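Below is one structure, written out as structure tokens; comments come after it.
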Amino acid sequence: MLEIKDLQVTVDGRKILKGLSLSLGEGEVHAIMGPNGSGKSTLSYVLAGREGYDVTGGSVTFRGRNLLEMPPEERAAAGMFLALQYPVEIPGVTTMNFLRTALNAQGKARGQPEIDAATFLKCVREVGATLAMTDEMLKRAVNVGFSGGEKKRNEILQMAMLKPCLAVLDETDSGLDIDALKLVAKGVNAMRAPDRSFLVITHYQRLLNHIVPDRVHVLAAGRIARSGGAELATELEARGYDEIVKVTA
Amino acid sequence: MAALETNVETSWESGLAGLFSRARGGLPGPSWLAPLRGEAFARVMRDGLPHRRVEDWKYTDFRNKLTSDLDVARGAGTTPPSIFAGGRAHHIDINGGRLVRAPADDLPDGVEVLSLAEALGMPSLWLRQWLMATTNPLENLNLAFAADGAMIRVGRCVRVAMPLLLRATHAEGSTMAHTRSVVALEEDAQLTLVELDDGEPESQSLANTVTSIVLGPGARLTHVRVTATAKPGIVVRTDNVELARDASYDGVMLSSSAALARQEMHVRLAGTGASFNFACAYVAGSGEHTDYALEVVHEAPHTTSRILAKGVAAGTGHGVVQGRVIVRPHAQKSDSHQLSRALLLSPHAEIDQKPELEIFADDVKCGHGAAVGALDKNQLFYLRTRGIPEREAHAMLIAAFLDEIAERIADVAWRAHTQAWLAGRMAQVGGEAA
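Written out as structure tokens, the structure reads:
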């Protein structure tokens, strides 16, 4: 699904990723954990195609295609989704309109017909209900006046509607209370499928109690310092990043 | 508008004299009007046409925009389909400055619509107050040439249920049309007036309209104006609005696509409790210049004014918003606010915003704000990560920005018409932005 090889990225002249390699297979869930400043968010932004991130070396292959050559919208149409750490507010654009435009834009890029209004409405309401998002919230401007938890739930709603084959969740657990965390985890688990992979970026093990990963990678100083099974997350929680990273170094 | 020192006469100005002497004999009106026209024209020749050295025209060079000789419009030429086709309304059509269609049987009791040409043939002195030379060169030019217009009167306590649609089309290239209209609402009358300026002239044309709006005590006017005349058309409008006690004016104006669209508005809040609520939006693409110049005078206590302007300039587009609010000494408890926000989408586009306050009373609440920015990069990235192509994302964000204005149109059908037109304009201009 996703093959990252020796990825090197510079932001504002500073080297952030220094040779990161990672292989994510079909249907797998990998977690990336790491201390502040280790390059977790940089990785997610590079994967989504944000401006200002200079790839100075390495490669990223997504389903056989060179991901780095594609503009963000093309990556999305190819099945890639990023749940942002800080979802953006868009005054004047309702969540409904936003979702429908996105769905149709992706469909158009894949040569699919437009989704009709009634089917869309039914679908968005159903998915919204599983995430405790009311009609009123869906009719409001995207993320405007939403609490931190509501914004994260809105990200999961978008993921569920857009049905990507690769979802990158960038600290989707940050700022969530325990109930919201469970809702979000439930939403993600419901989507796990043999042809869908997840890259879950997080600070804490907490989320991984609910979304059990196949692999856990520890990112430190711009590269993967250690990889292991789900138990690595528990070990990290008990011993802290410092010790784990020191052992590897 | 102060009289201005004329420097060198442009060829357009020198050609005007011949045009006026040929046209004046054919202009309608009783004997008292001819000298007034002559006086107005003499003032135009003396003062010259507005240019950038005149403070009120600081950002809009009207005089030098007029590059070709223009004949007097005859109202000929094909009329393009209205962008408001199918909207429910009492229709009034003006073509090339001539009233060509007025609502007849379907007008409710207490509403009167006359053509100015027709009214000038009646023995009425009532008209005289709308036909005076002023210090404004465009009003004077209008008075010199105006042959027609719509005189709309809504009687006391009459509430007109359906909007009145006044469509002014100017499709005839190389001509100028001068229209003079009056909208008078008597005590406690209510009206929704929708105005549309359109036409696709093949060569430069000038539509110069002067409208007097008089709102009696407690009268309420809801005013929507869309200026959609295509390039290379030039549209200049002067509105003189007077509000009596507790009268209210609610206006939404939108403009895009003309080579020059200038809306100059002079508002007098003459009666206690009068309120003026104005919102405008503009989209200026390459080769387009749009200008809103408002002057609101609080003359009476407890008067309110609100101005909200939102605009977008792309390509080589130019947007101007000037708002001057004056509070007279005894207009205590006046409450005024103006806000102007704009998006600058290209390094060659220009936005000028000039709010001014002149306060001569001590117990008032007045505020203003202005901001210019670019599209938000985070928002663009967010939309694109969801699969929305860059160009479409641009258009979406611009629409979201301007929608605050269009959303103020209370009538659902008219709002939808307006939004569709604006979306079409944005799709065009959004391409210039990318």
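Those protein sequence lines, which keep their order, are chains W and L. Counted the way the numbering used here counts, the first sequence spans residues 181 to 429. Counted the way the numbering used here counts, the second sequence spans residues 31 to 464. Cβ coordinates follow ideal geometry from the N, Cα and C atoms, glycine included. Owing to the predicted nature of the structure, the values given are computational and were not obtained by experimental measurement.
Out of the options, state which residue places its alpha-carbon closest to the alpha-carbon of residue i.
i        : options                                   : result
Ala373/W : Pro271/W, Pro344/W and Gly217/W           : Pro344/W
Gly399/L : Arg104/L, Asp393/L and Leu387/L           : Leu387/L
Pro231/L : Pro385/L, Pro110/L and Gly140/L           : Pro110/L
Leu223/L : Val313/L, Gly117/L and Ala147/L           : Gly117/L
Phe114/L : Leu194/L, Lys88/L, Val351/L and Ala176/L  : Leu194/L
Ser98/L  : Pro60/L, Ser44/L, Gly341/L and Val212/L   : Ser44/L
Leu248/W : Ala289/W, Ala321/W, Leu227/W and Ala257/W : Leu227/W
Gly55/L  : Pro133/L, His120/L and Ala177/L           : Ala177/L
Phe71/L  : Arg275/L, Ala344/L, Val282/L and Phe175/L : Phe175/L
Asp433/L : Val342/L, Pro138/L, Ser366/L and Lys395/L : Val342/L
Ser204/L : Ser235/L, Phe431/L and Ala304/L           : Ser235/L
Val326/L : Gly68/L, Asn270/L and Glu437/L            : Asn270/L
Ala365/W : Leu349/W, Thr281/W and Asp375/W           : Leu349/W
Asn408/L : Gly287/W, Leu264/W, Met181/W and Glu183/W : Leu264/W
Met339/W : Glu423/W, Met371/W and Gly291/W           : Met371/W
Leu215/L : Val190/L, Leu226/L and Ser233/L           : Val190/L
Leu374/L : Lys340/L, Ala288/L, His360/L and His367/L : Lys340/L
Can you check whether the C-beta of residue i is within less than 8 Å of a C-beta belonging to chain L?
i        : result
Ile184/W : no
Ile381/W : no
Val392/W : no
Ala347/W : no
Thr281/W : yes
Val189/W : no
Ala410/W : no
Ile270/W : yes
Leu248/W : no
Arg230/W : yes
Val273/W : yes
Ala418/W : no
Leu262/W : yes
Pro374/W : no
Glu423/W : no
Glu253/W : yes
Ala405/W : no
Cα separation between residue i and residue j?
i        : j        : result
Arg158/L : Thr241/L : 14 Å
Lys95/L  : Trp42/L  : 10 Å
Lys198/W : Ala347/W : 23 Å
Tyr412/L : His424/L : 12 Å
Lys302/W : Asp315/W : 11 Å
Phe300/L : Lys319/W : In the sequence on display, residue 300/L carries Ala and not Phe. The alpha-carbon atoms of Ala300/L and Lys319/W are separated by roughly 42 Å.
Glu329/L : Gly140/L : 30 Å
Gly315/L : Leu290/L : 11 Å
Leu416/W : Gln385/W : 8 Å
Leu452/L : Ala311/L : 9 Å
Thr245/L : Gly353/L : Just to set this straight, residue 245/L is Leu in the shown sequence, not Thr. So the two alpha carbons sit approximately 21 Å from each other.
Lys332/W : Ile337/L : 37 Å
His332/L : Arg292/L : 30 Å
Thr415/L : Ile358/W : 28 Å
Tyr402/W : Leu200/W : According to the sequence provided, residue 402/W is Gly. The question's Tyr does not apply to it. Going by the C-alpha atoms only, they are around 7 Å apart.
His390/W : Ala256/W : 26 Å
Leu388/W : Val209/W : 10 Å
Gly205/W : Val191/W : 28 Å
Val307/W : Leu363/W : 12 Å
Met162/L : Leu173/L : 8 Å
Ile439/L : Lys261/L : 26 Å
Ile184/W : Val392/W : 22 Å
Between residue i and chain W, is any beta-carbon pair separated by less than 8 Å?
i        : result
Pro65/L  : no
Pro419/L : yes
Problem - Contacting positions in the stretch 215-228 of chain W - beta carbon closer than 7 Å to chain L - result: Ala228
Handout entry: Where the stretch 319-330 of chain L meets chain W: residues whose CB sits under 8 Å from a CB there
Key = Within the stretch 319-330 of chain L, no residue has a Cβ that lies closer than 8 Å to any Cβ of chain W.
Handout entry: Three CB pairs or more closer than 8 Å across the stretch 173-181 of chain L and the stretch 79-91 of chain L
Key = no
Handout entry: Cβ pair count under 8 Å reaching 3, the stretch 402-409 of chain L against the stretch 369-388 of chain L
Key = yes
Problem - Three CB pairs or more closer than 8 Å across the stretch 77-86 of chain L and the stretch 164-180 of chain L - result: yes
Handout entry: Touch test, the stretch 185-199 of chain L against the stretch 124-131 of chain L, Cβ-Cβ under 8 Å, three pairs minimum
Key = yes
Practice task
Output, in sequence order along the chain, the residues in the stretch 422-441 of chain L whose CB is closer than 7 Å to any CB in chain W.
Solution key: Taking 7 Å as the upper bound on Cβ-Cβ separation, chain W lies near residues Glu422, Met426, Ala430, Phe431, Asp433 and Glu434 of the stretch 422-441 of chain L.
Problem - Residues, ordered as in the chain, of the stretch 387-417 of chain L that lie near chain W by beta-carbon distance below 7 Å - result: Asn408, Gln409, Phe411, Tyr412, Arg414, Thr415, Arg416 and Gly417
Practice task
Report yes or no: do three or more beta-carbon pairs, one from the stretch 278-293 of chain L and one from the stretch 239-254 of chain L, lie closer than 8 Å?
Solution key: yes
Practice task
Would you list, in chain order, the members of the stretch 331-357 of chain W that have their beta-carbon closer than 8 Å to a beta-carbon of chain L?
Solution key: Cβ contacts with chain L: Gln338 and Leu342.
Practice task
Answer yes if the stretch 292-306 of chain W comes into contact with the stretch 221-237 of chain W, meaning at least three C-beta pairs across the two stretches below 8 Å, and no otherwise.
Solution key: no
Problem - Against chain L: residues of the stretch 287-315 of chain W by CB proximity under 8 Å - result: Ala289
Problem - At least three beta-carbon pairs within less than 8 Å, the stretch 145-160 of chain L to the stretch 47-61 of chain L - result: yes
Exercise for the section: Would you check if there are 3 or more beta carbon pairs closer than 8 Å linking the stretch 228-245 of chain W to the stretch 369-380 of chain L? Expected result: no
Problem - Stretch pair the stretch 258-272 of chain L + the stretch 126-138 of chain L: three plus CB contacts closer than 8 Å - result: no
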